[in-house]
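> One structure, as structure tokens, below. Some questions next.
Chains as they are written, first to last, in our numbering: chain Y, -15 to 809; chain V, 838 to 1087.
Right under this line is the structure:
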């Protein structure tokens, strides 16, 4: 019957469309509707308009891949990697292709709006009504002016997540200075990956992620960096994976993680580890490297007499080791490392001692060899110490600044702005400088070593400590959903005047009093200096593929327009700045003096090529000596002072196994973590503190299709999100069958995951490849806003059961440290 | 005429599904209508489990079962187009015999209950006879070859991106996306493959890189015993489909 119906429908369809076929082809550019015509005629290609290709940068993760955007007849219909972009090299990850969907998202905000319902909450309809841009800007500016007139400008706060460059987040610093708020802006770093940065600051003095020379490395020891899922730049990592796995000699890769995943599966060796204990394994690897004499003597140094005196459990005499580019090795060994045996580590990590020894010998005997990490080991209360132990292996292997090793990123040769904010500060702006702490208390005695503490801002506001916010403006961040324990934020932001600049209806937007929607990335003119990549400088540019299709505004221009409306010199500054295109034109002037390798030497050529870059990286450590590029080669032998100034920026100018940075905060670390003050500087094992009384760990990884802020509402992303256990319409809680059966949970059952904060529900799938003590729930769904596909889609959001606990040193939210229980729902 | 073939190196494939989404956007398929899907398998248990994956395009068989069973000759192998197997949407009656006959499960019928609600077909309703009309659709369309957005009631499948490869200069042995002069002619899944696990070229040309790879790395064809003789070859470990195992209920 069904077949007959189909046939009938098909015939009726052909009949009804035959008449419109020719006309359709002529006006709409559609051929092939001539179903009844001979096939040969139908093969003729449809007439189509001119296809243009514009340069842009994908905005779905921090990687900043250059993209070619294909537009025909004013419609964007294709996105491919830009062949001329050194990150993309013509390639993309699975997210990149879905970008056209952002532009034509049916749930997009189509223009500025104001709220009519004063009540705020999950179940409150904001009652948005459209307003003009002038009304929106005037309303916000008047509010800001009023605060300033009352001497309360510190109660205005900017929050941002993914800032791109000089034309948006780069404007914040001046804005805060001129307006008079310490809260411009509160970044999301502490809810992102701040732990690895702090671990590097504590050991080699660089408060930064690393750049990596993957192409030339022969060994990667990967601690919890989802190299083939979410580590950045994911697209490039896959490219270089293909290279590493087919070059001669093939790069050997050991992955240490708490769960099975594509990176584990594709590596030569998959090592399962108990959550939060990576530092213990790294220390044991270091122990083996030292006792077996596998450290890089040219970088680290050696015993005065060349005899290896590292014996398990035995101290080495003071002064017996002649350090080269490292500091504190003797004390590190004597006070910590001598007892950190593989057997000890097995008892902490559950990794067999024989595996640790095998990994240490491989890592210690292969050059170049690097140890990488990201949020896995660092999103715990002991995250910085875990990260330091891992990073110490890069000193022992001698890969710091070496070919096939790791570097730090250089910045682009940008020109200056046409005006200097310092010249436009009025007496008020000067009088409030440094007067108030930030609302998140970052860089206060409460969080002295942090850069940002966004997760604290909501709770602090609720307590009124250090004060209450009046107005908050959000750009590319949604803490009311993504912060740990977000229900606190839901309460906190009820009495704050909220401005959201997102172009889609996220949770924070549901609290907005004014919505000032940004363009989508395919409509923006926006710069983007690279995230740490290969070290040499690069800055890409977004060029609009089409004119904005709705009444939206570039966030940078929204900021500038607000600035213009503030009375006094601040307004004059922004009138002089004019708009973001002017900012970018001035930045691009720097390229006139320093043309890129691809010939980019002006704003126009930057727009045409989409990227400026200049190789090579300027420094190279070779066999224990540092050399600087002199234009021809690595010919300049650097002094110790030069190395300290440019590369190893620690107090000693050496890679510190005993951290001066941490010792400067010894009392704080002792108070918060219980580490004796005389030991705080050592790279060492510190037990993680798990929140919750549950018997299972819960991790919430990001999958390859996790597009920042949006994949929960992209149909094609939802459909492909978690293929490993069959997720085609949602994601599942992955649970070891033994763990499930012990709780009478059947494969596919709806389950309840509980922490001290409450519970969320999910459907489960058996996954025998995971640790029985660890539940895996990809972070994606559980939205109560965000669009028609996202809203209300199970499972619940992992954040709802994640306590707001942070590493006291880095401030990184300990997203993976909560312990939970699970039961049938 | 070339005989187009694809080579997929499973030792380099990272299972990211960029091929799947590149294909979906290039060919405007619906969620779940994954002409180029990636299948995942896991076997064994912690701490010695394995996980693997298999990207699966249409095999463009030399001896395609789907063609043999089609009652209206809508599906056909076009030797003038490199041996690609097409569906002529003007002739297809949506009977799905081909879907049953295909040993590889790479044919799709999207005119049914949607995988994902809300239904994209309601949000971007079909115009001019299309099943749905996404605003970002590719202007390329040729219903005699199953290119573009299909009408209601037909089977759809991978076309090896015929609308791209057919424009390549005749006699090109390999369509290599790293060659800027050729990248626009490369199938979407091959062009975007970041670890370069995919290669596309002429199987009739002994000098082509695809033939060299098949020779050097002992390329295999899936389910060769079926006699379908795919024009897609796999390299590396794990080039097989594990036997079906029902999922444990409890």
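Glycine included, every Cβ here is placed at the ideal spot set by N, Cα and C.
Determine the DSSP secondary structure at residue 443/Y, reduced to helix, strand or coil.
What you label residue 443/Y is simply residue 459 of the first chain in a count that begins at 1. Three-state DSSP puts residue 443/Y in a helix.
> Express the C-alpha separation of residue 214/Y and residue 895/V in angstroms, rounding to a whole number.
As a first step, residue 895/V is located in the second chain; it is residue number 58 there, counting from the start. As a first step, residue 214/Y is located in the first chain; it is residue number 230 there, counting from the start. Answer to the nearest angstrom: the Cα atoms are 29 angstroms apart.
> Mapping the DSSP letters down to three states, classify residue 1020/V as helix, strand or coil.
Position 183 of the second chain, counted from the start, is the residue given in the question as residue 1020/V. Helix.
> Evaluate residue 916/V with the Cβ neighbour count: other Cβ atoms within 10 Å of its Cβ, from every protein chain shown; 16 or more gives buried, anything less gives exposed.
The residue you call residue 916/V lines up with position 79 of the second chain. Result: exposed.
> Residue 135/Y: which of 145/Y, 164/Y, 119/Y sits nearest, CA to CA?
Numbered from 1 along the first chain, position 151 holds the residue referred to as residue 135/Y. Among 145/Y, 164/Y, 119/Y, the Cα nearest to that of residue 135/Y is on 164/Y.
> Does DSSP put residue 883/V in a helix, a strand or coil?
Against the second chain, residue 883/V aligns to sequence position 46. Note: residue 883/V maps to coil in three-state DSSP.
> How many Å lie between residue 470/Y and residue 784/Y at the Cα?
What you label residue 470/Y is simply residue 486 of the first chain in a count that begins at 1. What you label residue 784/Y is simply residue 800 of the first chain in a count that begins at 1. In a straight line, the C-alpha of residue 470/Y is about 6 angstroms away from that of residue 784/Y.
> Pop quiz: residue 408/Y and residue 556/Y are said to be a contact at Cβ under 8 angstroms. What is the actual Cβ separation, rounded to whole angstroms?
Locating residue 408/Y in the first chain gives position 424, counting from the first residue. Locating residue 556/Y in the first chain gives position 572, counting from the first residue. Confirmed, Cβ separation roughly 6 angstroms.
> Going along the region 846 to 865 of chain V in order, which residues come within less than 7 angstroms of chain Y, judged by CB to CB distance?
Answer set for the region 846 to 865 of chain V: 848, 849, 851, 852, 853, 854, 855, 857, 858, 859, 861, 862, 863.
> Taking only the alpha-carbon atoms, compute the straight-line gap between residue 193/Y and residue 919/V and give it to the nearest angstrom.
Translated into positions along the first chain, residue 193/Y becomes position 209. Translated into positions along the second chain, residue 919/V becomes position 82. Approximately 48 angstroms, taken between the alpha carbons.
> For residue 487/Y, decide whether its Cβ has a neighbour in chain V, counting only Cβ atoms nearer than 9 angstroms.
As a first step, residue 487/Y must be located in the first chain, where it is residue number 503. Taking Cβ atoms only, chain V never reaches closer than 9 angstroms to residue 487/Y, which makes this a no.
> What's the call for residue 323/Y, buried or exposed, on a 16-neighbour Cβ count within 10 Å?
Numbered from its first residue, the first chain carries residue 323/Y at position 339. By the neighbour-count rule (16 or more Cβ atoms within 10 Å), residue 323/Y is not buried but exposed.
> For residue 354/Y, which option in 151/Y, 239/Y, 443/Y has the closest C-alpha, if you only look at C-alpha atoms?
Along the first chain, one-based indexing puts residue 354/Y at 370. Looking at the Cα atoms, 239/Y is the closest of the given residues.
> Relative to chain V, which residues along the region 222 to 240 of chain Y have a C-beta separation below 9 angstroms, given in chain order?
If the cut-off is 9 angstroms between Cβ atoms, the region 222 to 240 of chain Y has 222, 223, 224, 225, 226, 227, 229, 230 near chain V.
> CA-CA distance, residue 456/Y and residue 142/Y?
What you label residue 456/Y is simply residue 472 of the first chain in a count that begins at 1. What you label residue 142/Y is simply residue 158 of the first chain in a count that begins at 1. Residue 456/Y and residue 142/Y: Cα-Cα distance of roughly 6 angstroms.
> Distance check for residue 1037/V and residue 846/V, CA to CA, integer angstroms please.
In the second chain, the residue the question calls residue 846/V occupies position 9. In the second chain, the residue the question calls residue 1037/V occupies position 200. Spanning the two alpha carbons is a distance of roughly 12 angstroms.
> Cβ of residue 971/V less than 9 angstroms from any chain Y Cβ?
Walking along the second chain from the start, residue 971/V turns up at place 134. Closer than 9 angstroms: yes.
> For the candidate residues 242/Y, 291/Y, 144/Y, 428/Y, whose alpha-carbon lies nearest to that of residue 306/Y?
Walking along the first chain from the start, residue 306/Y turns up at place 322. Ranking 242/Y, 291/Y, 144/Y, 428/Y by Cα distance to residue 306/Y puts 291/Y first.
> Name, in chain order, the residues that DSSP records as bridge partners for residue 65/Y.
As a first step, residue 65/Y must be located in the first chain, where it is residue number 81. Partner(s): 51/Y.
> Just the Cα atoms here: how many angstroms apart are residue 113/Y and residue 523/Y?
Counted from its first residue, the first chain places residue 113/Y at position 129. Counted from its first residue, the first chain places residue 523/Y at position 539. If I take the Cα positions, the gap works out to 39 angstroms.
> Cα separation between residue 463/Y and residue 439/Y?
Working through the first chain from its first residue, we reach residue 463/Y at position 479. Working through the first chain from its first residue, we reach residue 439/Y at position 455. Each residue's alpha carbon lies about 7 angstroms from the other.
> Would you decide whether residue 598/Y is buried or exposed? Buried here means 16 or more other CB atoms lie within 10 Å of its CB.
To locate residue 598/Y, count along the first chain from 1; it is residue 614. So residue 598/Y ends up on the buried side.
> Please check the pair residue 705/Y and residue 394/Y, which I expect to be a contact at CB under 8 angstroms, by giving their CB distance rounded to whole angstroms.
Numbered from its first residue, the first chain carries residue 705/Y at position 721. Numbered from its first residue, the first chain carries residue 394/Y at position 410. No, residue 705/Y and residue 394/Y are not in contact; Cβ-Cβ is about 36 angstroms, not under 8 angstroms.
> For residue 147/Y, which residues does DSSP report across the bridge?
Start at 1 with the first residue of the first chain, and residue 147/Y comes out as number 163. In the DSSP output, where bridge partners are listed per residue, residue 147/Y has none listed.
> For residue 687/Y and residue 855/V, I'd like the C-alpha separation in whole angstroms.
The count along the first chain starts at 1 and reaches residue 687/Y at position 703. The count along the second chain starts at 1 and reaches residue 855/V at position 18. Whole-angstrom Cα-Cα distance: 13 angstroms.
> What does the Cβ neighbour count give for residue 1051/V, buried or exposed, with the cut at 16 atoms within 10 Å?
Walking along the second chain from the start, residue 1051/V turns up at place 214. Burial call: buried.
> When the Cα of residue 1015/V is compared with those of 69/Y, 310/Y, 120/Y, which residue comes out closest?
To locate residue 1015/V, count along the second chain from 1; it is residue 178. Checking every option, the nearest Cα to that of residue 1015/V belongs to 69/Y.
> Does the pairing of the region 329 to 346 of chain Y with the region 156 to 170 of chain Y give three or more beta-carbon distances under 8 angstroms?
In short, these stretches do not touch, since the Cβ pair count stays below three.
> Let me see if you follow: with CB-CB separation under 9 angstroms, is residue 81/Y close to chain V or not?
Residue mapping note: residue 81/Y aligns to position 97 of the first chain, counting from 1. Yes, because at least one Cβ of chain V sits closer than 9 angstroms to the Cβ of residue 81/Y.
> Per DSSP, which one or two residues make a beta bridge with residue 40/Y?
Mapped onto the first chain, residue 40/Y falls at position 56. Paired residue(s): 51/Y.
> Could you check whether residue 186/Y and residue 437/Y sit closer than 9 angstroms to each other, using their CB atoms as the reference points?
As a first step, residue 437/Y is located in the first chain; it is residue number 453 there, counting from the start. As a first step, residue 186/Y is located in the first chain; it is residue number 202 there, counting from the start. Their beta carbons are not under 9 angstroms apart, which means residue 437/Y does not touch residue 186/Y by this criterion.
> Give the residues of chain Y in contact with residue 938/V, contact being defined as C-beta atoms less than 8 angstroms apart.
As a position in the second chain, residue 938/V is number 101, starting the count at 1. Per Cβ cutoff of 8 angstroms: no residues; residue 938/V is ~16 angstroms from chain Y at best.
> Pull up the distance between the alpha-carbon of residue 512/Y and that of residue 44/Y, whole angstroms please.
Indexing the first chain from 1 puts residue 512/Y at position 528. Indexing the first chain from 1 puts residue 44/Y at position 60. Distance between the alpha carbons of residue 512/Y and residue 44/Y is about 13 angstroms.
> Could you compute how far the alpha carbon of residue 351/Y sits from the alpha carbon of residue 605/Y?
Here the question's residue 351/Y lines up with position 367 in the first chain. Here the question's residue 605/Y lines up with position 621 in the first chain. Those two C-alpha atoms are separated by around 14 angstroms.
> Which residues in the same chain have their Cβ closer than 8 angstroms to the Cβ of residue 1068/V, if we skip the five residues on either side of it in sequence?
Counting from 1 along the second chain, the entry for residue 1068/V is found at position 231. Hits under 8 angstroms: 840, 841, 842, 843, 896, 897, 898, 899, 920, 1040.
> Less than 6 angstroms between C-beta atoms, sequence neighbours within five positions excluded: which residues of the same chain meet that for residue 501/Y?
Taking the first chain and counting its residues from 1, the one referred to as residue 501/Y is at position 517. Excluding residues within five positions, the ones whose Cβ falls inside 6 angstroms are 93, 487, 536.
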